[in-house]
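Numbering (our numbering), first residue to last: 1074 to 1723.
Before any comments, here is the structure.
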Amino acid sequence: MNKAKGLLESERESDRSEAVALLAGTASLSGVELLARQLEREPSAYVRRQIIRALGEMRNHRTAAVTAGLLSSADAAVRNAALEVMRNLGPVAVPALEERMQSPSRDLRKLAADALAAIPGERASRLLQKGLDDPDPNVAAASAEALGGRKEPDAAALLRMKLAEANNVWVAFSIIEALARLGDPTAMPTIDTYLASFRGGRRERMALAGIWAFAAGRLGDERCLPAAWDLRREGLLTPRELLILLGSLQDRGIEPGPAGAEMNDLIAQYLEDGGSREAVTAARLAARCCPALLYIHLPKLVAKFGQSESVREELLQALLQAGPSPERLSRLLENAEDRLAGLLLGAAEQAMVILPLEVLQELAGRADEVIVRQSVSLAWRCGIGAEPFLNAMARHREPEVAAVALSGLGLICGEGAQPVLLKALEHPSGRVRRQAADTLSILSPQGLQTELERLFDRCPETARPEVLEVMTALGSANLHSAYLRAAAAADRDVRSRVARASRLIRSEEVFLSVMESLANDPDQEVRRVAIASLASRSGDGVYRLLRYLYENDPCRNHRYHILTCPEIFRHPETFEWLTDNIEQVDPLLRLAAVRGMTRMGAKGKEYLEALLESLSGTGCGTVTGCDEEMAQAVSQELKRIGGRRDELDD
1074 MNKAKGLLES ERESDRSEAV ALLAGTASLS GVELLARQLE REPSAYVRRQ IIRALGEMRN
1134 HRTAAVTAGL LSSADAAVRN AALEVMRNLG PVAVPALEER MQSPSRDLRK LAADALAAIP
1194 GERASRLLQK GLDDPDPNVA AASAEALGGR KEPDAAALLR MKLAEANNVW VAFSIIEALA
1254 RLGDPTAMPT IDTYLASFRG GRRERMALAG IWAFAAGRLG DERCLPAAWD LRREGLLTPR
1314 ELLILLGSLQ DRGIEPGPAG AEMNDLIAQY LEDGGSREAV TAARLAARCC PALLYIHLPK
1374 LVAKFGQSES VREELLQALL QAGPSPERLS RLLENAEDRL AGLLLGAAEQ AMVILPLEVL
1434 QELAGRADEV IVRQSVSLAW RCGIGAEPFL NAMARHREPE VAAVALSGLG LICGEGAQPV
1494 LLKALEHPSG RVRRQAADTL SILSPQGLQT ELERLFDRCP ETARPEVLEV MTALGSANLH
1554 SAYLRAAAAA DRDVRSRVAR ASRLIRSEEV FLSVMESLAN DPDQEVRRVA IASLASRSGD
1614 GVYRLLRYLY ENDPCRNHRY HILTCPEIFR HPETFEWLTD NIEQVDPLLR LAAVRGMTRM
1674 GAKGKEYLEA LLESLSGTGC GTVTGCDEEM AQAVSQELKR IGGRRDELDD
């Protein structure tokens, strides 16, 4: 303590910071008092934050009592710091705050209400409810605002009653805001009545009209619309407040009203001159009430706010709601800058709009790859007439664009696409080869077997796995020799892809022969992929290879994958594999073996029940370490299959 006192007197910030750290660990009354005194005079913002954090973590009544005294400081920075500490202290601060709620000082009562707003619990709520009757309007308003954020079950009824009795417009303002935040629609008639009966000055009436609009947007329905327009005509509601009200109703699925001169003028005003929030709200309203206004102003909106992804998404949704037509989108796309073009193409895609092919061809000539890709992805909807365009785009320098073009050719199903798809199987990009293989496999065109075999012979090793997939899908006669040749490739990645493709082989004999070759591959990653392919099949031949790998694969991690293969659980020898692995130290293997044991029928279930009993240390001590984790895993698996599960000791 003496060391901390000395350090607090230092001019060096680091010394005072060290003192705070020392005092934070004591949690003594003298330490709390030292920290509170230092908070009043500390010049460093960093050390003040440190003190606030330290006091806030000393959650006891002594800390609350000492800190509450700082709420009376003449220094606003000290008062605010004390307020933050009281909030952080939580329920232990309530008794000290209750005393301040009874103080003659209205400033102290206001600060106490602000602190109580952040403290959960019934006692804090009761104090705030009493605060609604405070003679000072600032305290009553602060109490109302606090109750609005607490979601207490009885708060709405009390606030409705207090609103009916309110004789101060600013207290009423806070009560209405609180009711709106509580989300109780039954409060709306009370709010309407208060607004209609209020006879104050114009400034107060405008403030009330604004908060009424906020509440109506959250609680009201279509019945509030005539009143809203009347308030606007009287000049009590600003155009922005009316716009936000209409947008809030629309968000809640309530029709904001029919189109008309007043509505159109309001929407046009904010489409032209509004900020991003107002412009987006106006765009959504325009989509329902007057789509023509949205189309007119969309280029300007995208140019002004389109750099924001969230705004672009909002504008896209408004455009979709307006029901875009091919004619509208085509006109807007003429000379559209890239950001607008991307938005319009996205709308065409989601709305299933068929754009003219010449428009898409023009856009595909732009430098922006995203625009090019979007244009190409929409072309297939133009039908067989788009085939030449897509054939050309399949040779695009960007692999993603070429792949999209190949996908479109597959959707058109034109015969002229076959040479392009075959050529794409030799493409240096794996993304393009993958798309070509998928498209040809789905189309399954007849008469390509010979061409595919010639392609397999001449193509680079890296392209052979994709060619093999298509040969497999089309049922090539020379599949066996082709797979064995590809499996002998020098590149490990190629052999892994061959192992993955082999699961498509329909012939059991060919599949097992290829798998036997891959099971002896020198690379462990290739063998792992081979195990994954074996896992997709069943039969004695599959089990023979899995057993071979289990017994001979030098990579023991592969046992984990083998123990997940369904075929092994049809064979009694697997029980011994599982028991051996449960006794190993590798936690993943043990867990895999436990899970596998649940698939061994009654014998496996009995084994797990006995294992759980031994792990739980029945009658011989407690469970610790790895055994406890294993016992929990066994218990969970037994519960899953409906077996007995013992409770572990705490």
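Beta carbons: idealized from backbone N, C-alpha and C, even for Gly.
Exercise. Could you tell me whether the Cβ atoms of L1201 and S1216 are closer together than 8 Å?
Key: Taking 8 Å as the cut-off, the beta carbon of L1201 is found closer than this to the beta carbon of S1216.
Self-check item: From A1138, A1149, K1373, residue whose alpha carbon lies closest to that of P1164
Solution: When only C-alpha atoms are compared, the closest one is A1138.
Quiz item: When you compare only the Cα positions, how much space is there between D1659 and H1631?
Solution: In this structure, the alpha-carbon of D1659 lies about 12 Å from that of H1631.
Quiz item: What's the C-alpha gap between E1130 and R1350?
Solution: Distance from the CA of E1130 to the CA of R1350, rounded to the nearest whole angstrom, comes to 40 Å.
Quiz prompt | CA-to-CA distance, L1371 to Q1522, given in whole angstroms | solution = When only Cα atoms are considered, Q1522 and L1371 end up about 52 Å apart.
Exercise. Would you tell me roughly how many angstroms separate the C-alpha atoms of D1441 and A1475, rounded to the nearest one?
Key: D1441 and A1475 have their C-alpha atoms roughly 15 Å apart.
Quiz item: Taking the alpha-carbon positions, what's the G1481 to P1492 distance?
Solution: G1481 and P1492: Cα-Cα distance of roughly 15 Å.
Quiz prompt | Whether A1509 touches E1539 by CB criterion (8 Å) | solution = In contact: A1509 and E1539 (Cβ atoms closer than 8 Å).
Practice problem: Taking 8 Å as the cut-off, decide whether the C-beta atoms of L1541 and M1588 are in contact. | Solution: Going by beta carbons, L1541 and M1588 fall outside the 8 Å limit.
Quiz item: Within 10 angstroms of its Cβ, does D1148 collect 16 or more other Cβ (buried), or is it exposed?
Solution: The residue is exposed, with fewer than 16 neighbouring Cβ atoms inside 10 Å.
Exercise. Tell me whether G1204 is buried or exposed, calling it buried when 16 or more other Cβ atoms sit within 10 Å of its Cβ.
Key: That one is buried.
Practice problem: Report yes if the CB atom of L1622 is closer than 8 Å to the CB atom of S1590, and no otherwise. | Solution: No.
Quiz item: Who are the Cβ neighbours of K1224 in its own chain at under 7 Å, not counting the five residues just before and after it?
Solution: The answer, listed in chain order, is L1255.
Practice problem: Report yes if the C-beta distance between P1329 and L1358 is below 8 Å; otherwise report no. | Solution: Yes, the pair counts as a contact, with Cβ atoms nearer than the cut-off.
Quiz item: Whose C-alpha, out of T1099, L1298, M1261, Y1680, is nearest the C-alpha of I1317?
Solution: The candidate whose alpha carbon is nearest that of I1317 is L1298.
Self-check item: DSSP-derived helix/strand/coil call for S1216
Solution: S1216: helix per DSSP, three-state reduction.
Exercise. To the nearest angstrom, report how far apart A1092 and V1120 are at their CA atoms.
Key: One Cα belongs to A1092, the other to V1120, and the distance between them is close to 10 Å.
Practice problem: Pick out the complete alpha helix (DSSP H) segments inside the segment 1336-1396, 4 residues or longer, and give them in chain order. | Solution: List check, alpha helix (DSSP H) in window: 1349-1362, 1364-1378, 1382-1394.
Practice problem: Measure the alpha-carbon distance for A1395 versus K1373 and round it to whole angstroms. | Solution: Their backbone Cα atoms lie some 17 Å apart in a straight line.
Quiz prompt | 6 Å Cβ shell around V1505 - same chain, five flanking residues per side excluded | solution = In its chain, beyond the 5 residues on either side, P1472, A1475, A1476, A1497 have a beta carbon closer than 6 Å to the beta carbon of V1505.
Quiz prompt | Environment of N1464 [buried if 16+ CB atoms lie within 10 Å] | solution = Answer is buried; the Cβ neighbour count reaches 16.
Quiz prompt | I1192, DSSP secondary structure in three states | solution = Assigned with DSSP and collapsed to three states, I1192 falls in coil, not helix or strand.
Quiz item: If we ignore side chains and look at the alpha-carbon of each, how far apart do M1577 and D1257 end up?
Solution: Note on residue identity: the sequence assigns Leu, not Met, to residue 1577. About 60 Å.
Practice problem: Output the boundary residues of the alpha helix (DSSP H) element that contains E1524. | Solution: From DSSP, the alpha helix (DSSP H) with E1524 extends over 1522-1531.
Quiz prompt | C1638 classed as buried or exposed, judged by whether at least 16 other C-beta atoms fall within 10 angstroms | solution = Answer is buried; the Cβ neighbour count reaches 16.
Exercise. Compare the Cα-Cα distances from E1084 to each of S1117, D1613, Q1323 and report the closest residue.
Key: With distances taken between Cα atoms, E1084 lies closest to S1117.
Quiz item: Taking only runs of the beta strand (DSSP E) that begin and end inside the segment 1427-1501, which ones reach a length of at least 3 residues, in chain order?
Solution: Runs found: none.
Quiz item: Can you check whether the CB of L1143 is closer than 8 Å to the CB of A1185?
Solution: No.
Practice problem: Specify the secondary structure class of T1652 as computed by DSSP and reduced to three states. | Solution: DSSP, reduced to helix, strand and coil, places T1652 within a helical segment of the structure shown.
Quiz item: Is I1714 closer than 8 Å to T1652 when the C-beta atoms are compared?
Solution: The answer is no: Cβ separation not under 8 Å.
Self-check item: Cβ-based neighbour list, G1104, same chain, cut-off 6 Å, excluding 5 preceding and 5 following
Solution: Counting only Cβ-Cβ distances below 6 Å, and skipping sequence neighbours, we find L1096.
Quiz item: Does the Cβ-Cβ distance between I1444 and L1436 come in under 8 Å?
Solution: Against a cut-off of 8 Å, the Cβ pair of L1436 and I1444 comes out as a contact.
Quiz item: Would the beta-carbon of E1702 fall within 8 Å of that of V1667?
Solution: For E1702 and V1667, no; Cβs fall outside 8 Å.
Quiz prompt | I1327, DSSP secondary structure in three states | solution = Three-state DSSP puts I1327 in coil, outside helix and strand.
Exercise. Using three-state DSSP, classify S1708 as helix, strand or coil.
Key: S1708: helix per DSSP, three-state reduction.
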